[in-house]
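Beneath this line is the structure, given in structure tokens, with notes to follow.
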Amino acid sequence: LVDAFEKKYPFVKVNYIRVGTAQMINRVITETLAGKWDFDVVTVLGMDALVKRNIFAPYMSPEREAFLDDFKDPKGLWTGVYHNNIVVAYNTKLVSARDAPKDYPDLLDPRWKGKILMDQRDYTWYGTLVKVWGREKAGRYMKQLAQQEPQFRSGHALIAQLVVAGEMPLGWVYDFRIETMKKEGAPIEWVDTLNPIVVEVGGIGLGAKAKNPNAAKLFIDFVLSKEGQQVVRGAQRTPSRKDVEPLVAKMDQSRLKLKSVPDEVENNLKQYANEYREIFRIK
Numbered sequence: 526l527v528d529a530f531e532k533k534y535p536f537v538k539v540n541y542i543r544v545g546t547a548q549m550i551n552r553v554i555t556e557t558l559a560g561k562w563d564f565d566v567v568t569v570l571g572m573d574a575l576v577k578r579n580i581f582a583p584y585m586s587p588e589r590e591a592f593l594d595d596f597k598d599p600k601g602l603w604t605g606v607y608h609n610n611i612v613v614a615y616n617t618k619l620v621s622a623r624d625a626p627k628d629y630p631d632l633l634d635p636r637w638k639g640k641i642l643m644d645q646r647d648y649t650w651y652g653t654l655v656k657v658w659g660r661e662k663a664g665r666y667m668k669q670l671a672q673q674e675p676q677f678r679s680g681h682a683l684i685a686q687l688v689v690a691g692e693m694p695l696g697w698v699y700d701f702r703i704e705t706m707k708k709e710g711a712p713i714e715w716v717d718t719l720n721p722i723v724v725e726v727g728g729i730g731l732g733a734k735a736k737n738p739n740a741a742k743l744f745i746d747f748v749l750s751k752e753g754q755q756v757v758r759g760a761q762r763t764p765s766r767k768d769v770e771p772l773v774a775k776m777d778q779s780r781l782k783l784k785s786v787p788d789e790v791e792n793n794l795k796q797y798a799n800e801y802r803e804i805f806r807i808k
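Residue numbers (this note's numbering): 526 to 808.
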């Protein structure tokens with residue numbers, strides 16, 4: 526993205542730091558608390574964790590019209606750049622398309638007991654389902670799912686690899702990663718009929734004390750433009766803009782029942798994390 530932007534706007538030089546989600550959020554919080562605002566733009570998963578700390582200034586980019594309401598902050602504090610759909614994947618050598626689970630209740634079938642891989646830190650997934658279904662329904666479902674004795678690992682990427690290897694027939698993963706693995710010939714497929722599919726959105730926002738606000742807005746506009754979003758797709762990520770084709774037709778936003786992680790979940794993640802770990806007895 527930076528290379529494409531600088532090629533289009535050679536008069537603007539971008540200096541950037543690339544680290545993991547938790548590292549980025551912690552770094553921004555730590556530096557701003559110390560009065561150090563050495564950034565103009567932030568892009569990261571879980572933007573609401575920074576919104577509540579007044580890290581961003583509102584910016585209503587003209588490109589925002591091409592994004593679903595679920596993929597942008599109503600006050601203009603951030604807009605989605607890419608998103609990760611959390612779905613169930615299955616090993617096609619072990620499970621046929623006919624036998625694969627189609628929705629959440631199917632995972633409670635006795636045939637899947639001890640055969641499901643889950644991420645030990647899928648707190649936003651859990652919290653989103655609590656908000657969508659309500660505490661009673663979500664609590665009942667999660668307890669039943671826990672009785673299925675799922676196995677826990679750290680990270681959706683590892684889970685995808687283990688499903689491909691046949692260690693387990695089913696696993697919770699990101700759909701874009703499965704499509705990449707399929708292109709390489711891996712025996713794996715993902716379920717597109719979950720209702721809802723929980724979505725983690727990676728957004729972009731203008732720093733509240735940006736030292737180069739005009740250049741920052743130009744960069745944000747480019748990232749959110751059709752051209753910028755095609756660059757996102759070229760990097761094998763799922764672009765959040767509606768009028769940019771996804772990696773494959775199966776991932777088209779209009780045919781999936783998507784629900785992004787609500788800000789209430791991001792802002793109370795510790796609570797949802799504790800509940801998740803208690804239900805599934807994760808130490």
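Idealized CB from N, CA, C, for every residue including glycine.
Computed from a prediction, not measured in an experiment: that's the story for all the values here.
Check whether residue i and residue j have beta carbons under 9 Å apart
i	j	result
Gln673	Gly710	no
Ile745	Gly696	no
Gly545	Glu791	no
Pro712	Val689	yes
Asp644	Gly680	yes
Thr718	Asn610	no
Lys767	Leu593	yes
Pro694	Leu632	no
Lys668	Ile580	no
Lys751	Asp565	no
Val756	Leu526	yes
Val537	Leu743	yes
CB-CB length for residue i against residue j, believed under 8 Å
i	j	result
Lys518	Val723	The shown model of the chain, from 526 to 808, leaves out residue 518, and the question about it has no answer.
Thr568	Val606	6 Å
Ser562	Gly730	Residue identity check: residue 562 is Trp in the sequence provided, not Ser. Between Gly730 and Trp562 the Cβ distance is about 13 Å, and since that is not below 8 Å, they are no contact.
Ala685	Ala614	6 Å
Pro787	Lys656	5 Å
His622	Glu714	The residue you asked about is not His; residue 622 is Ala in the sequence shown. Indeed they touch by this definition, with Cβ atoms about 7 Å apart.
Ala740	Ala582	Rounded, the Cβ-Cβ distance is 14 Å, inconsistent with contact.
Asn616	Gly727	That belief does not hold up - the Cβ atoms of Asn616 and Gly727 are roughly 28 Å apart, past 8 Å.
Phe530	Phe677	Not confirmed; about 40 Å, so no contact.
Tyr801	Tyr648	5 Å
Closest Cα partner of residue i within the set the options
i	options	result
Arg813	Thr555, Leu749 and Leu781	Residue 813 is absent from the structure shown; the chain starts at 526 and stops at 808.
Leu558	Phe530, Leu633, Leu575 and Thr653	Leu575
Leu781	Ala591, Arg623 and Lys627	Lys627
Asp512	Val537, Pro787, Glu714 and Ala671	Nothing about residue 512 can be reported from this structure: the residues present for the chain run from 526 to 808 only.
Gln578	Ile550, Leu593 and Arg802	It is worth fixing the name first, because residue 578 is Arg in this sequence and not Gln. It is Ile550.
Tyr797	Trp650, Glu770 and Asp528	Trp650
Pro630	Lys736, Leu772 and Ala663	Ala663
His608	Ile554, Pro738, Glu661 and Arg702	Arg702
Gln761	Gly659, Asn799, Val612 and Asp700	Asp700
Glu789	Asp573, Val612, Arg806 and Asp624	Asp573
Asp595	Arg806, Tyr666, Ser779 and Asn793	Ser779
Status (buried if at least 16 other CB within 10 Å, exposed otherwise) for residue i
i	result
Gly759	exposed
Lys795	exposed
Glu704	buried
Asp777	exposed
Gln754	buried
Ser586	buried
Ser765	buried
Tyr584	buried
Pro535	exposed
Glu725	buried
Asn720	exposed
Asp528	exposed
Pro771	buried
Thr653	buried
Pro675	buried
Ala547	exposed
9 Å Cβ cutoff, residue i in contact with chain B
i	result
Arg766	No chain B appears in the structure shown, which is made up of a single protein chain.
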